[in-house]
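In this note's numbering, the protein residues as written are 6 to 317.
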């Protein structure tokens, strides 16, 4: 089979922790012709999507751990499957890439489907399941935000809608003399909508990442923030520990699975704090490498098995 990965520039990627690289390695092990391109190398001729692709080879024993073949402009429907693994932000360039990929014929399987990615803002999609969501508002109004903080015991979390990896997330406290300044900064003085959620004290015990494949949980871990930090992202010094799924976690997975499958969101990362669904990661879910190590599994084999079963 022929696979192509739409990914970030490889000089920005850590080969030892990146989920996309893990999938590429497994594809190569199985003998699939495997190619790479960046999302800004997609194009449309009439209604036919093309891409400037390069065949990729990986050898992590070398300092220069990847090697490209010749760059070729090819029709994307010549591939059996496309992996859309480009990181946010979800900007105009990313949006345009999803529109181009919409023109793929059904004979090429794509994970995840572009229309589904557009429909599933990672911080907003969870609100489709209010029974599992913490109290949340989306607003650009400082007055509304201050009122929300007051309603929730003087604490709340504020998040930019379109950033990733914990960027721009702050704890709001009604006794913080910088409260208004934080709100002004994150909302750009009322020009940008933000997400404000009730503060979940369980967050100090960790943020659970649950990976779903075709709606089914295949792996999980808990990321524990370092003392004094509210963000559990690894870049802020969190630690990852082995964990299991609770009955509440399984209820969340069961509830969200039909919507994900309907929207073509086959590989997804859920973030759960204290039994509350806080984010649904669909653009380039991470955590596979760490879960493999913690649980002594090889999730990439399950993912490539699934793609092979779907690809023509």
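Where is the CB? At the ideal position from N, CA and C, for every residue including glycine.
Here the structure is a predicted model, which is why all the values come from computation and not from measurement.
Item                                                                                                                                                                                : Value
Measuring straight from C-alpha to C-alpha, what distance separates residue 89 and residue 300?                                                                                     : 26 Å
Within the continuous beta strand (DSSP E) that includes residue 169, where are the two ends?                                                                                       : Note, residue 169: premise wrong, no beta strand (DSSP E); not H, not E.
Which one of 67, 151, 57, 240 has the shortest CA to CA distance from residue 75?                                                                                                   : 57
The beta strand (DSSP E) that contains residue 6, what's its start and end?                                                                                                         : From DSSP, residue 6 is part of no beta strand (DSSP E); its letter is neither H nor E.
Once you ignore the five residues that flank residue 140 on each side, which residues in its own chain have a CB closer than 6 Å to its CB?                                         : 203
Kindly say whether residue 295, judged by its beta-carbon, lies nearer than 9 Å to any beta-carbon of chain C.                                                                      : Going by chain labels, chain C is absent from the structure shown, which holds only one protein chain.
Would residue 232 pass as a contact of residue 199 if the rule is Cβ separation under 9 Å?                                                                                          : no
Within a Cβ cutoff of 7 Å, which residues of the same chain sit near residue 243, ignoring the five residues on either side of it in sequence?                                      : 228, 229, 230, 231, 237
Is it the case that the Cβ atoms of residue 292 and residue 214 are separated by a distance below 9 Å?                                                                              : yes
Under a three-way DSSP split, which group does residue 86 fall into?                                                                                                                : strand
Could you pull out every residue in the same chain whose Cβ sits closer than 7 Å to the Cβ of residue 191, ignoring the five residues on either side in sequence?                   : 163, 165, 173, 175, 199
Going straight from the alpha carbon of residue 208 to that of residue 262, what length do you get?                                                                                 : 24 Å
Straight-line CA distance for residue 48 to residue 42?                                                                                                                             : 12 Å
Report the rounded CA-to-CA distance for residue 78 versus residue 253, giving the unit in angstroms.                                                                               : 48 Å
From the DSSP output, in three-state form, read off residue 127 for me.                                                                                                             : coil
Indicate the three-state DSSP secondary structure (helix, strand or coil) for residue 136 in the structure shown.                                                                   : helix
Identify the continuous beta strand (DSSP E) that holds residue 144 and give its terminal residues.                                                                                 : 141 to 144
Count the other C-beta atoms from every protein chain shown that fall within 10 angstroms of the C-beta of residue 217, then say buried if there are 16 or more, exposed otherwise. : buried
How is residue 281 classed by DSSP in three states: helix, strand or coil?                                                                                                          : strand
For residue 150, which residues of its own chain have a beta-carbon under 6 Å away from its beta-carbon, when the five flanking residues on both sides are left out?                : 188, 201
Run the CB neighbour count on residue 128, radius 10 Å, all protein chains shown included, and call it buried at 16 or more, exposed below.                                         : buried
Between residue 104 and residue 91, which are expected to be in contact by the criterion C-beta below 8 Å, what is the C-beta distance as a whole number of angstroms?              : Not confirmed; about 14 Å, so no contact.
How far does the beta strand (DSSP E) with residue 58 in it reach, from first residue to last?                                                                                      : 53 to 63
Quick one: grab the DSSP three-state call for residue 186.                                                                                                                          : helix
Residue 164 bridges to which residues according to DSSP?                                                                                                                            : 200
In the DSSP assignment, find the alpha helix (DSSP H) that holds residue 263 and state where it starts and stops.                                                                   : 252 to 267
Beta-carbon within less than 6 Å of residue 3's beta-carbon, same chain only, minus the 5 sequence neighbours each way: which residues are those?                                   : The question about residue 3 has no answer here: the residues shown for the chain are numbered 6 through 317.
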